[in-house]
Amino acid sequence: MRGRKLVSEIIANGIVPAGMEIMDKALIIATDNFSKAGYPRNVELFLIVELDGTASEVDELIIR
């Protein structure tokens, strides 16, 4: 699964997230149907990553 590989790559780059959530296509569609958030439906998964730190610390982690 590509999501697991992405999680491994994030951690291998020295980033330790406060939390991560993988949403598969079925969950993306169900969530969007409920929330009307406008999520794209042509993707297989979302990887949501929560980072802790100051704005500049988080910006640095995003660049990695």
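Residue numbers (this note's numbering): 2 to 65.
Note that CB positions come from ideal geometry on N, CA and C, so glycine has one too.
Computed from a prediction, not measured in an experiment: that's the story for all the values here.
By the Cβ criterion, the stretch 35 to 44 is not in contact with the stretch 13 to 20, since fewer than three pairs of Cβ atoms, one from each stretch, lie closer than 8 Å.
Note: D25 is bridge-paired with L46 in the DSSP secondary-structure output. Checking the DSSP bridge columns, you'll see E51 partnered with G20. DSSP places R3 within a helical segment (H, G or I) once states are collapsed to three. Boundaries of the alpha helix (DSSP H) harbouring A56: A56 to I64, taken from the DSSP string.
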